[in-house]
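K.L.:
Have a look at this one before I ask anything.
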């Protein structure tokens, strides 16, 4: 018999025993679908993170905190070696020397010097000054969910943030310390259907006029913030302290060069001989993205492993059903052996049945996974699920492998039956 004959015979047997066949493939289908759906969810989450952060891959952030803390910031080797990380260390309070060094680094003078030294590779340098307040902004008598950020004019241009309506800060407004504010896109809902531009919000009990509404970005923090000019904030609420500095490279390819050399310059500026002596670090979004991708991948693999248990149960289910089938077809096996069927013929007969069952279960599982993915995308657009071609081939290939593995025992048991004993079976 050729392979096609085995397939035809196996299909005929499976069709004759519909209920048994359905029960057999149900377990494998649930197992494969569980793994595919969870993997699709993990891949979708990873892709969403990469997409959301792609626009900020050219940013180096100079922030407070010793290298190795708060996300593993990096500094340059003072001897000119490659950028290196000190790794996580125990949390300690910064010394007086460290505090002085930090104040020296987070200053307009440092920003100007970095621009002067590396200006040919830098698009913009943006100081970030978080606004500290004991109360939330108030809009139309209600507290807002938005945060307040103090920024300079360069912030919007550096991040390529566009306006949906209104204007950005004008020079005349910042020079005159006017109380103006630009709102993030997601905060439009807080104006109860009215055009935000021209509306008044209260920040620390002072009235600010909304002059612009930003277009939606892919960054949640950007879309949920109110932006006030640095000059106005300093005049109204006291001098604003620079907490971090965003260095926007002209090209992503220059990130490593800038990170290494700016780090080296800052160590010379503060007189430090080792990164651990400092209370600030340089970090890139690429490093953060790599960390997030690794964490998401680990979680996905762990959850997929748990789902794989159901796949194992499905495989055992196929094996049990096939063993029952072998017992029920004992006389048939005896007759086939009596008329010349060899052991390999019997093995192939049952293996083909097992593989067809698991393959069909795998195909149905992929279709079900696509349906679940489409349903989730329709009802919850914020959740992205990606089922790759690679995943489809892996799923179907694995289902076939499960059919072979869990079909071997029933096939071997059928093949080693004695023909005479099998014919006597009632």
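Numbering (my numbering), first residue to last: 936 to 1361. Cβ atoms here follow ideal geometry from the backbone N, Cα and C, with glycine treated the same way. In this text the structure is predicted, and so the values were computed from the model without any measurement.
1) Along the chain, where does the alpha helix (DSSP H) that runs through residue 1283 open and close?
2) State the Cα-Cα distance for the pair residue 961 and residue 1148, rounded to the nearest angstrom.
3) How many whole angstroms separate the CB atoms of residue 1144 and residue 1135, which I take to be in contact at a CB cut-off of 8 angstroms?
4) If I follow the unbroken beta strand (DSSP E) through residue 1082, where does it start and stop?
5) Near residue 1290, what residues of its chain come up, given a Cβ to Cβ distance below 8 angstroms and the 5 sequence neighbours on each side ignored?
6) For residue 928, which of helix, strand or coil comes out of DSSP?
7) Roughly how many whole angstroms lie between the Cα atoms of residue 949 and residue 1120?
8) Assuming contact is defined by CB atoms lying nearer than 8 angstroms, are residue 1261 and residue 1330 in contact in what I supplied?
9) Where does residue 1258 sit, in a helix, a strand or coil, going by DSSP?
10) Check residue 1021 in the structure and name its three-state DSSP category.
11) Can you tell me whether residue 1104 is helix, strand or coil according to DSSP?
12) For residue 1298, which of 939, 956, 947, 963 has the nearest alpha-carbon?
13) Mind checking residue 947: buried by the 16 CB within 10 Å criterion, or exposed?
14) Does DSSP classify residue 993 as helix, strand or coil?
15) Do you know how far the Cα of residue 1248 is from the Cα of residue 1159?
16) Just to confirm the assignment: which complete alpha helix (DSSP H) runs, minimum length 4, are found wholly within the segment 1040–1100?
17) Taking Cβ positions, are residue 945 and residue 1287 nearer each other than 8 angstroms?
18) Specify the secondary structure class of residue 1386 as computed by DSSP and reduced to three states.
19) Should residue 983 be listed as close to the ligand SAH, given that the test is whether its C-beta is under 7 angstroms from any heavy atom?
20) Mind listing, in chain order, the continuous beta strand (DSSP E) runs of no fewer than 3 residues lying wholly within the segment 1178–1253?
21) If distances are taken between C-alpha atoms only, which option among 1204, 1294, 1192, 1184 comes closest to residue 1041?
22) Kindly list the residues whose CB is nearer than 6 angstroms to the CB of residue 1115, restricted to its own chain and excluding five residues on each side of it in sequence; keep chain order.
23) Would you kindly check if the distance between the Cβ of residue 1112 and the Cβ of residue 1074 is under 8 angstroms?
24) Beta strand (DSSP E) containing residue 1143: first to last residue?
25) Alpha carbons only, please: which of 1358, 1233, 1197 is nearest the one belonging to residue 1057?
26) Between which residues of its own chain and residue 1102 is the CB-CB distance below 7 angstroms, once the five residues before and five after are set aside?
27) Within 10 Å of its beta-carbon, does residue 986 have 16 or more other beta-carbons around it, so buried, or fewer, so exposed?
28) Going by beta carbon distance, what residues of the same chain come within less than 6 angstroms of residue 1221, once the five residues before and after it are set aside?
29) Within its chain, find whatever has a CB closer than 8 angstroms to the CB of residue 1140; leave out the 5 residues flanking it on each side and keep chain order.
30) What's the gap between the Cα of residue 1100 and the Cα of residue 1124?
31) What residue from 1326, 997, 1118 has the CA that sits closest to residue 1062's CA?
32) With residue 979 and residue 1202 assumed to form a contact (beta carbons below 8 angstroms), what rounded beta-carbon distance in angstroms separates them?
33) What number of angstroms, rounded off, separates the C-alpha of residue 1065 from the C-alpha of residue 1083?
34) Using DSSP with H/G/I as helix, E/B as strand and the rest coil, what is residue 1322?
35) Can you tell me where the alpha helix (DSSP H) with residue 1157 in it begins and where it stops?
36) With residue 969 and residue 1245 assumed to form a contact (beta carbons below 8 angstroms), what rounded beta-carbon distance in angstroms separates them?
P.N.:
According to the structure data:
1) In the chain shown, counting from the first residue as 1, residue 1283 sits at position 348. 1278–1314 is the span of the alpha helix (DSSP H), which, as asked, contains residue 1283.
2) Walking along the chain shown from the start, residue 961 turns up at place 26. Walking along the chain shown from the start, residue 1148 turns up at place 213. Between residue 961 and residue 1148, the C-alpha separation is close to 53 angstroms.
3) As a first step, residue 1144 must be located in the chain shown, where it is residue number 209. As a first step, residue 1135 must be located in the chain shown, where it is residue number 200. Indeed they touch by this definition, with Cβ atoms about 6 angstroms apart.
4) As a position in the chain shown, residue 1082 is number 147, starting the count at 1. Counting along the chain, the beta strand (DSSP E) containing residue 1082 begins and ends at 1082–1086.
5) Here residue 1290 is taken as the residue at index 355 of the chain shown, counted from 1. Only 1335, 1338, 1339, 1342 meet the Cβ criterion.
6) Absent from the structure is residue 928, since the part of the chain shown begins at 936 and ends at 1361.
7) Start at 1 with the first residue of the chain shown, and residue 949 comes out as number 14. Start at 1 with the first residue of the chain shown, and residue 1120 comes out as number 185. So the two alpha carbons sit approximately 58 angstroms from each other.
8) As a first step, residue 1261 is located in the chain shown; it is residue number 326 there, counting from the start. As a first step, residue 1330 is located in the chain shown; it is residue number 395 there, counting from the start. Not in contact: residue 1261 and residue 1330 (Cβ atoms no closer than 8 angstroms).
9) Reading the chain shown from its first residue, position 323 is the one you call residue 1258. Residue state, collapsed to three classes: helix.
10) For the purposes of this step, residue 1021 is taken as residue 86 along the chain shown, with counting starting at 1. Here residue 1021 scores only 39 on pLDDT, less than 50, and its place in the model should not be relied on; the value that follows carries that caveat. Residue 1021 falls in the coil class under three-state DSSP.
11) Position 169 of the chain shown, counted from the first residue, corresponds to residue 1104. In the three-state reduction of the DSSP assignment, residue 1104 falls in the coil class.
12) One-based indexing of the chain shown puts residue 1298 at position 363. Distance check between residue 1298 and each of 939, 956, 947, 963 places 963 closest, using alpha-carbon atoms only.
13) Position 12 of the chain shown, counted from the start, is the residue given in the question as residue 947. Classification for residue 947: exposed.
14) Within the chain shown, residue 993 is the residue found at index 58, counting from 1. Note: residue 993 maps to coil in three-state DSSP.
15) Indexing the chain shown from 1 puts residue 1159 at position 224. Indexing the chain shown from 1 puts residue 1248 at position 313. If I take the Cα positions, the gap works out to 47 angstroms.
16) Counting only runs of 4 or more, we get 1043–1053, 1089–1093.
17) For the purposes of this step, residue 945 is taken as the residue at position 10 of the chain shown. For the purposes of this step, residue 1287 is taken as the residue at position 352 of the chain shown. Yes; because the gap between Cβ atoms is below 8 angstroms, this pair is in contact.
18) Missing from the structure shown is residue 1386; the chain here goes from 936 to 1361 and no further.
19) In the structure shown, the ligand SAH is absent, as is every other ligand, since no ligand is present at all.
20) Counting whole runs of 3 or more residues, the segment 1178–1253 contains the beta strand (DSSP E) stretches 1179–1184, 1215–1219.
21) On the chain shown, position 106 is the one that residue 1041 refers to. Nearest to residue 1041 by alpha-carbon distance, out of 1204, 1294, 1192, 1184, is 1204.
22) Taking the first residue of the chain shown as 1, we reach residue 1115 at position 180. Taken in chain order, the residues that qualify are 1108, 1144, 1146.
23) Taking the chain shown and counting its residues from 1, one reaches residue 1074 at position 139. Taking the chain shown and counting its residues from 1, one reaches residue 1112 at position 177. No.
24) For the purposes of this step, residue 1143 is taken as residue 208 along the chain shown, with counting starting at 1. In the DSSP assignment, residue 1143 falls within the unbroken beta strand (DSSP E) covering 1141–1149.
25) Locating residue 1057 in the chain shown gives position 122, where the first residue counts as 1. By alpha-carbon distance to residue 1057, the top candidate from 1358, 1233, 1197 is 1197.
26) Counting from one through the chain shown, the residue named residue 1102 turns up at place 167. If we look at residue 1102 and ignore the five residues flanking it on each side, its Cβ neighbours are 1146, 1147.
27) Start at 1 with the first residue of the chain shown, and residue 986 comes out as number 51. Classification of residue 986: exposed, given that the 10 Å Cβ count is below 16.
28) The sequence position of residue 1221 within the chain shown is 286, counting from 1. Taken in chain order, the residues that qualify are 992.
29) Stepping through the chain shown from its first residue, residue 1140 is reached at position 205. Closer than 8 angstroms at the Cβ level, and outside the excluded window around residue 1140, lie 1070.
30) Here residue 1100 refers to the residue found at position 165 when the chain shown is read from its first residue. Here residue 1124 refers to the residue found at position 189 when the chain shown is read from its first residue. Taking C-alpha positions only, residue 1100 is separated from residue 1124 by approximately 15 angstroms.
31) For the purposes of this step, residue 1062 is taken as residue 127 along the chain shown, with counting starting at 1. With distances taken between CA atoms, residue 1062 lies nearest to 997 out of 1326, 997, 1118.
32) Reading the chain shown from its first residue, position 44 is the one you call residue 979. Reading the chain shown from its first residue, position 267 is the one you call residue 1202. The Cβ separation is near 41 angstroms, so there is no contact.
33) Position 130 of the chain shown, counting from 1, holds the residue named residue 1065. Position 148 of the chain shown, counting from 1, holds the residue named residue 1083. If you draw a straight line from the Cα of residue 1065 to the Cα of residue 1083, it is about 7 angstroms long.
34) As a position in the chain shown, residue 1322 is number 387, starting the count at 1. In this structure, residue 1322 counts as coil in the three-state DSSP scheme.
35) Position 222 of the chain shown, counted from the start, is the residue given in the question as residue 1157. Start and end: 1155–1158.
36) On the chain shown, position 34 is the one that residue 969 refers to. On the chain shown, position 310 is the one that residue 1245 refers to. Between residue 969 and residue 1245, the beta carbon gap of about 5 angstroms places them in contact (Cβ cut-off 8 angstroms).
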